[in-house]
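Undergrad: I am attaching a structure below and will ask some questions about it afterwards.
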Amino acid sequence: MREHKLRSIAAIISMNAFLPMRRQPLFLINTLASPFSFLFFLAVVGRPGALIYGVAGGLVLTVLSVGSSLQSDLTHYKADLKYQEMAVASPVKASTYVTGMALSEFVFAIPGMAVFAVLSVIYGHYIFLGGLVIFATLILLWVFASALGFTLATYLADVRETFMISPLISIFLSVVPPVYYPLESLARISPYLVWLAYAAPTTWAAQLVQGALGIIPLSLFQGLEDAGVLLAAAAILFFIAATKAKWRET
Amino acid sequence: MPQALLARGLCRRYSWSGGHQDALRGVDLEVPTGTVLGLIGRNGAGKTTFLRIASTSLLPTAGSMQVLGHDVVTDAVNVRERIAVIPQESRPFYWMNPRELVYYYLTMRGETHRVAREKAAEALAELGLTRWENTVVSRLSGGLRRRAMVAMVMASDAELLFLDEPTTGLDPIARRSVWEAIRKAAKANRTIFLTTHYLDEADALSDRLALLESGKLLASGTRDDLAALARRPYRVEVSDGFPEEELRSYGDLSRVGERWMLFTGEKEARELSRRALEKGIRLSLGPVSLEDIFLQMVGQDISVEGEE
Ligand SMILES: Nc1ncnc2c1ncn2[C@@H]1O[C@H](COP(=O)(O)OP(=O)(O)OP(=O)(O)O)[C@@H](O)[C@H]1O
Ligand SMILES: [Mg+2]
Numbered sequence: 000m001r002e003h004k005l006r007s008i009a010a011i012i013s014m015n016a017f018l019p020m021r022r023q024p025l026f027l028i029n030t031l032a033s034p035f036s037f038l039f040f041l042a043v044v045g046r047p048g049a050l051i052y053g054v055a056g057g058l059v060l061t062v063l064s065v066g067s068s069l070q071s072d073l074t075h076y077k078a079d080l081k082y083q084e085m086a087v088a089s090p091v092k093a094s095t096y097v098t099g100m101a102l103s104e105f106v107f108a109i110p111g112m113a114v115f116a117v118l119s120v121i122y123g124h125y126i127f128l129g130g131l132v133i134f135a136t137l138i139l140l141w142v143f144a145s146a147l148g149f150t151l152a153t154y155l156a157d158v159r160e161t162f163m164i165s166p167l168i169s170i171f172l173s174v175v176p177p178v179y180y181p182l183e184s185l186a187r188i189s190p191y192l193v194w195l196a197y198a199a200p201t202t203w204a205a206q207l208v209q210g211a212l213g214i215i216p217l218s219l220f221q222g223l224e225d226a227g228v229l230l231a232a233a234a235i236l237f238f239i240a241a242t243k244a245k246w247r248e249t
Numbered sequence: 000m001p002q003a004l005l006a007r008g009l010c011r012r013y014s015w016s017g018g019h020q021d022a023l024r025g026v027d028l029e030v031p032t033g034t035v036l037g038l039i040g041r042n043g044a045g046k047t048t049f050l051r052i053a054s055t056s057l058l059p060t061a062g063s064m065q066v067l068g069h070d071v072v073t074d075a076v077n078v079r080e081r082i083a084v085i086p087q088e089s090r091p092f093y094w095m096n097p098r099e100l101v102y103y104y105l106t107m108r109g110e111t112h113r114v115a116r117e118k119a120a121e122a123l124a125e126l127g128l129t130r131w132e133n134t135v136v137s138r139l140s141g142g143l144r145r146r147a148m149v150a151m152v153m154a155s156d157a158e159l160l161f162l163d164e165p166t167t168g169l170d171p172i173a174r175r176s177v178w179e180a181i182r183k184a185a186k187a188n189r190t191i192f193l194t195t196h197y198l199d200e201a202d203a204l205s206d207r208l209a210l211l212e213s214g215k216l217l218a219s220g221t222r223d224d225l226a227a228l229a230r231r232p233y234r235v236e237v238s239d240g241f242p243e244e245e246l247r248s249y250g251d252l253s254r255v256g257e258r259w260m261l262f263t264g265e266k267e268a269r270e271l272s273r274r275a276l277e278k279g280i281r282l283s284l285g286p287v288s289l290e291d292i293f294l295q296m297v298g299q300d301i302s303v304e305g306e307e
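So the sequences go chain by chain: A and G. Using numbering that gives the first Met the number 0, you'd call the opening residue of the first sequence number 0 and step up by one each time. Using numbering that gives the first Met the number 0, you'd call the opening residue of the second sequence number 0 and step up by one each time.
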């Protein structure tokens, strides 16, 4: 049988997202947990006005979590269930399998996104076309996070390695980068941290989201620069995933 | 008959920092289309390694393999459209029921919804799973889970099925239902490549057998081909009555519980039964079983752990 991409993707989304959500509705709010924790801290200890940073950060982190869930699900399916081997020995191509899996992780993130989107309307001051900017930013971030998650998953031998590596990645992608606070706060601690933050694509994404919500000023030039870096990061990761991910064991 | 699988000088070395393991050392094997091949061998013999190379999930380090006429390394796409596999120790998604497992596996492979529904119902019935079709996997026993996996690949349109120890953990009745499904698939002219530890299973199902030991193919062919290779084609069991020295002169002797077991040739077997009649000693005699052939070729029982 020839590959039938759309059918394959639909089947994978059903298996990996709709069925588990229907059987275990707690999955629906699972992705809200960690962005909400940050939001909560900001509400408790933050200055007035810090809350909107939490909302902007929540949007970014929720999309980022798609990448880490993808990484652990893929590793689990590969190492424990041996489902990846069954998919390899079938008409399904690696790109189709990953697209289906990445979309299904995205489905899990939808409730969280919806909640943060509503909060952003309540607490933010959207600039002109701000909604579009946020949408495009989050799509690019999703591509980046999914490609990263997939590539890592193909190299990891079991899920415990995921548990080891994910917190480290999240320090680099969501704790150090100014996802939950302004970039200047980071500069106050150390200029080196700022450089480190600039290496993380999430910094550029967060700048865009914060700008679109009217938290920080965002010039057209600045916006294009942020978007350019994010686009490049997504493209590079996509390229790495396409060429370096191990669909078949060497 | 065209070959569904053709391996030449196939080698696989697993390497890691500070060491390596040669899991396959130059294996030549053919599997004619429409036949059932049983690959047997002890733990660590290299069965899974061979099967994973054939099902395109592992690359060989040397040698070549063609599956359904296509090279598994350079032309995997064309192979993948026509095969299906149950990996060793694979487990079904625990939040799905058997009907969903089969149905979504088929639609993932590209079947239409209608065909997937029909084929799922058919395969579940064949494997005796209809009663459990709506029970989620987390509430099914291990044997039922394994059968659900068998149903998945059986329901597919793959021409060549790779089954890595499909009946491990099944009770005798469940094993029979898997056997029946395999036989039916073979009748439909599908090719089945099966690995197993159960020699009775390999014997009952396979048209051809291949015996792997420490990464080398010791023998392959029909059951009769293998029997002909056995050095001593008869097996004799006898309690007491003969002096040990005399028995030993007839062939390979070993003590099994309360009895003597002897592998011997045809002439010796005749002589021995004549002597037993004379002396009035009870003796049982017959052609060697697959288990005996294995024992003679490998020098050890299949259940003895392979050396690393
Ligand atoms: N991923 C791996 N890395 C290193 N060595 C491996 C790996 N997989 C298998 N081996 C080694 O290769 C050899 C063959 O293993 P394989 O799994 O193919 O055997 P098998 O015949 O399927 O055994 P079993 O009956 O136990 O399933 C063994 O010595 C094993 O330790
Ligand atoms: Mg094995």
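Note that the Cβ used here is the ideal one computed from N, Cα and C, for glycine as well.
Is Lys46(G) near ligand 2 - that is, is its Cβ less than 7 Å away from at least one heavy atom of it?
TA: Under cutoff, so the answer is yes.
Undergrad: Mind checking whether the beta-carbon of Gln20(G) lies closer than 7 Å to any heavy atom of ligand 2?
TA: Checking every heavy atom of ligand 2 against the Cβ of Gln20(G), none is found closer than 7 Å.
Undergrad: Find the residues of chain A that neighbour Ala83(G), judging by a C-beta separation of less than 9 Å, and give them in chain order.
TA: Going along chain A in sequence order, the residues near Ala83(G) (Cβ under 9 Å) are Met85, Ala88, Ser89.
Undergrad: Closer than 8 Å, Cβ to any Cβ of chain D: which residues of the stretch 101-117 of chain A, in chain order?
TA: Considering every chain present, this structure includes no chain D. Its protein chains are A and G.
Undergrad: Would you say Phe87(G) touches ligand 1, meaning its beta carbon is less than 7 Å from a heavy atom?
TA: As written in the sequence, residue 87(G) is Gln, which differs from the Phe given in the question. Yes, the Cβ of Gln87(G) comes within 7 Å of a heavy atom of ligand 1.
Undergrad: Helix or strand or just coil, what does DSSP make of Ala83(G)?
TA: The answer is strand: DSSP assigns Ala83(G) an E or B state.
Undergrad: State buried or exposed for Glu307(G), treating a residue as buried only when at least 16 other CB atoms are found within 10 Å of its CB.
TA: Because the pLDDT of Glu307(G) is 46, which lies under 50, any placement of that residue in the model is unreliable, and the number read from its coordinates should be weighed accordingly. Classification of Glu307(G): exposed, given that the 10 Å Cβ count is below 16.
Undergrad: Using the Cβ count rule (16 or more neighbours within 10 Å means buried), how would you classify His3(A)?
TA: With 16 or more other Cβ atoms within 10 Å, it is buried.
Undergrad: According to the neighbour-count rule (16 or more other Cβ atoms, all chains shown, within 10 Å of its Cβ), is Gln23(A) buried or exposed?
TA: Gln23(A) should be labelled exposed.
Undergrad: Using a Cβ distance threshold of 8 Å, determine whether the stretch 213-226 of chain G contacts the stretch 245-265 of chain G, with at least three qualifying pairs required.
TA: With the cut-off at 8 Å, the stretch 213-226 of chain G and the stretch 245-265 of chain G do not touch.
Undergrad: Going along the chain, which residues of its own chain have a beta-carbon closer than 8 Å to the beta-carbon of Ala226(G), five neighbours each way excluded?
TA: Hits under 8 Å: Pro232, Pro286, Val287, Ile292.
Undergrad: Just to confirm the assignment: which complete alpha helix (DSSP H) runs, minimum length 4, are found wholly within the stretch 262-307 of chain G?
TA: Whole alpha helix (DSSP H) segments, 4+ residues: 265-278, 289-297.
Undergrad: Using a Cβ-Cβ cut-off of less than 9 Å, give me the residues of the stretch 58-78 of chain A that come near chain G, in sequence order.
TA: For the stretch 58-78 of chain A, which is checked against every Cβ of chain G, the residues closer than 9 Å are Tyr76.
Undergrad: Are the C-beta of Phe92(G) and some C-beta of chain A separated by less than 8 Å?
TA: So, interface residue.
Undergrad: Is Tyr76(A) near Gln70(A), with beta carbons less than 8 Å apart?
TA: Contact: no.
Undergrad: Cα separation between Gly68(G) and Tyr197(G)?
TA: Whole-angstrom Cα-Cα distance: 30 Å.
Undergrad: When you check each C-beta in the stretch 134-157 of chain G against every C-beta of chain A, which residues fall closer than 9 Å?
TA: Of all residues in the stretch 134-157 of chain G, Val135, Met148, Met151, Val152, Ser155, Asp156, Ala157 have a Cβ within less than 9 Å of some Cβ in chain A.
Undergrad: Answer with yes or no whether the minimum CB distance from Pro24(A) to chain G is below 8 Å.
TA: Cβ-Cβ to chain G under 8 Å: no for Pro24(A).
Undergrad: Could you tell me whether any Cβ in chain G is nearer than 8 Å to the Cβ of Ser13(A)?
TA: Closer than 8 Å to some Cβ of chain G, the Cβ of Ser13(A) qualifies, so yes.
Undergrad: DSSP three-state call for Ala16(A): helix, strand or coil?
TA: Ala16(A) falls in the helix class under three-state DSSP.
Undergrad: Do Tyr179(A) and Gly99(A) have their CB atoms nearer than 8 Å?
TA: Not closer than 8 Å, so no.
Undergrad: So with Cβ pairs under 8 Å, would you call Glu164(G) a contact of chain A?
TA: Chain A contact via Cβ: absent.
Undergrad: Give me the Cα-Cα distance between Ala244(A) and Ser64(A), rounded to the nearest whole angstrom.
TA: For Ala244(A) and Ser64(A), the distance between alpha carbons rounds to 20 Å.
Undergrad: Let me check understanding here. Comparing Cα to Cα, which of Val84(G), Ile82(G), Pro59(G), Leu289(G) lies closest to Val72(G)?
TA: Among Val84(G), Ile82(G), Pro59(G), Leu289(G), the Cα nearest to that of Val72(G) is on Pro59(G).
Undergrad: Please determine, among Leu169(G), Lys183(G), Ile39(G), the residue with the shortest C-alpha to C-alpha distance to Gly33(G).
TA: Gly33(G) has its Cα closest to that of Lys183(G), out of Leu169(G), Lys183(G), Ile39(G).
Undergrad: Is Tyr233(G) helix, strand or coil when you go by DSSP?
TA: Strand.
Undergrad: Evaluate contact between the stretch 93-111 of chain G and the stretch 137-157 of chain G, counting only Cβ atoms and requiring at least three cross-stretch pairs below 8 Å.
TA: Counting Cβ pairs under 8 Å, three or more are found: they touch.
Undergrad: Residue ranges of each alpha helix (DSSP H) run of no fewer than 4 residues wholly in the stretch 156-242 of chain G, ordered along the chain?
TA: The stretch 156-242 of chain G contains these whole alpha helix (DSSP H) runs: 171-186, 198-204, 222-228.
Undergrad: At what residues does the beta strand (DSSP E) containing Gln65(G) begin and finish?
TA: Counting along the chain, the beta strand (DSSP E) containing Gln65(G) begins and ends at 61-66.
Undergrad: Say yes only if the C-beta of Tyr197(G) is nearer than 7 Å to one or more non-hydrogen atoms of ligand 1, and no if none qualify.
TA: Flag unset: Cβ of Tyr197(G) not near ligand 1.
Undergrad: Taking the alpha helix (DSSP H) that Pro97(G) belongs to, which residues open and close that run?
TA: Its alpha helix (DSSP H) spans residues 97-108.
Undergrad: If you reduce the DSSP assignment to three classes, tell me which class Arg90(G) lands in.
TA: Correct three-state label for Arg90(G): coil.
Undergrad: Looking only at its own chain, which residues have a Cβ that is under 8 Å from the Cβ of Met95(G), when we skip the five neighbours before and after it?
TA: Around Met95(G): Tyr103, Val135, Val136.
Undergrad: Between which two residues does the beta strand (DSSP E) holding Tyr13(G) run?
TA: From DSSP, the beta strand (DSSP E) with Tyr13(G) extends over 2-15.
Undergrad: Mind checking whether Met20(A) and Thr61(A) have CB atoms under 8 Å apart?
TA: Result no, Cβ atoms of Met20(A) and Thr61(A) do not sit closer than 8 Å.
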